[in-house]
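Q:
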Amino acid sequence: MISTITKTMTSTPTAPGRPTGNGAVAATPSDRLAGDKRYKIIEATMRRYGYQGHGLIEALHSAQEAFGYLDDFTLKHISRTLHLPPSKVFGVATFYNLFTLKPQGAHTCVVCLGTACYIKGAREVLAAIEGEYDVKAGGTTRDSQLSLLTARCFGSCALAPVITFDGETIGKVTPTAVAQQIAQRLAAVQQAR
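Positions 8 to 200 (this note's numbering) are the ones given, in order, by the sequence shown.
1. Measure the C-alpha to C-alpha separation of residue 169 and residue 135 and round it to an integer number of angstroms.
2. Under 8 Å, with one C-beta from each stretch per pair, do the stretch 142 to 149 and the stretch 177 to 190 reach the 3-pair mark?
3. By the 10 Å Cβ neighbour count, where 16 or more other Cβ atoms means buried, how is residue 102 classified, buried or exposed?
4. Taking all protein chains shown into account, do 16 or more other C-beta atoms lie within 10 angstroms of the C-beta of residue 5, making it buried, or fewer, making it exposed?
5. Could you tell me the alpha carbon to alpha carbon distance between residue 201 and residue 50, rounded to whole angstroms?
6. Does DSSP classify residue 114 as helix, strand or coil?
7. Between the Cα of residue 144 and the Cα atoms of 44, 138 and 156, which residue gives the shortest distance?
8. Quick one: which unbroken beta strand (DSSP E) runs of 3-plus residues sit fully inside the stretch 91 to 178? Chain order, please.
9. Taking the alpha-carbon positions, what's the residue 189 to residue 172 distance?
10. Looking at C-beta atoms only, is the number of pairs between the stretch 114 to 124 and the stretch 85 to 97 that lie closer than 8 Å three or more?
11. On a CA-only basis, which of 53, 193, 153 and 198 is nearest residue 84? Give me that one, please.
12. Pull up the distance between the alpha-carbon of residue 165 and that of residue 193, whole angstroms please.
13. Specify the secondary structure class of residue 180 as computed by DSSP and reduced to three states.
14. Taking 7 Å as the limit between beta carbons, can you name the residues of its chain near residue 3, skipping five residues before and five after?
15. Using a 10 Å radius around the Cβ and a threshold of 16 neighbouring Cβ atoms, would you call residue 197 buried or exposed?
16. Could you check whether residue 73 and residue 46 sit closer than 9 Å to each other, using their CB atoms as the reference points?
17. Which residue's Cα is closest to the Cα of residue 64: 95, 40, 43 and 42?
18. So the alpha helix (DSSP H) residue 82 belongs to, where does it begin and stop?
Here it is, written out as structure tokens:
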């Protein structure tokens with residue numbers, strides 16, 4: 008698996024100026040970097056750490072904040088700039104559950120599946136959200152409004168079971184009330200616009 012991923016991350020993209028197969032012309036990597044200010048933010052983070060490997064997690068956080076997820080191009084860029092093997096960058100990006108390699112929904116709900124939450128019914132809470140919003144853990148709803156994730160522990164065990172919605176911790180959730188709690192937050196965000 009890692010060899011396939013490393014091969015994908017190190018493979019040469021379509022040559023600049025050549026058709027990509029869909030009629031478009033591929034831009035050079037330097038065009039993409041120069042034309043997108045978000046890469047300057049990532050670059051500043053890597054510069055702050057002296058372009059050393061110990062700045063990897065911060066660079067990934069910077070990229071995640073800038074783009075909402077970590078795509079292959081950005082992972083390759085970080086790998087080259089920090090002089091790290093692509094497998095190391097990919098390994099770190101996939102190890103931590105706060106990083107994602109796919110675009111996420113406008114809102115994120117994370118269900119804690121740590122021991123205390125699990126014992127207090129987190130699995131049932133997760134099932135209720137999956138059923139109500141027709142999405143599986145790790146996925147995003149068809150309308151791209153909600154991404155559903157899981158985590159091992161939030162450190163809020165006294166509030167078990169716990170979810171976070173757009174970073175806000177909600178404790179003592181129940182399977183019957185959780186869908187309504189999420190719907191209320193989604194509606195509040197819509198009204199605020």
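Note that CB positions come from ideal geometry on N, CA and C, so glycine has one too.
A: In brief:
1. 14 Å
2. no
3. With fewer than 16 Cβ atoms within 10 Å of its Cβ, residue 102 is classed as exposed.
4. With the chain covering only 8 through 200, there is no way to say anything about residue 5.
5. Summary: the structure shown does not reach residue 201, with the chain confined to residues 8 through 200, and so no result is reported for it.
6. DSSP, reduced to helix, strand and coil, places residue 114 within a strand of the structure shown.
7. 156
8. 114 to 119, 153 to 158, 170 to 172 and 175 to 177
9. Taking the straight line from one Cα to the other gives about 7 Å.
10. no
11. 53
12. 26 Å
13. coil
14. Residue 3 cannot be examined here, being either before or after the span of the chain that is shown, 8 to 200.
15. By the 10 Å Cβ count, residue 197 comes out exposed.
16. yes
17. 95
18. 79 to 88
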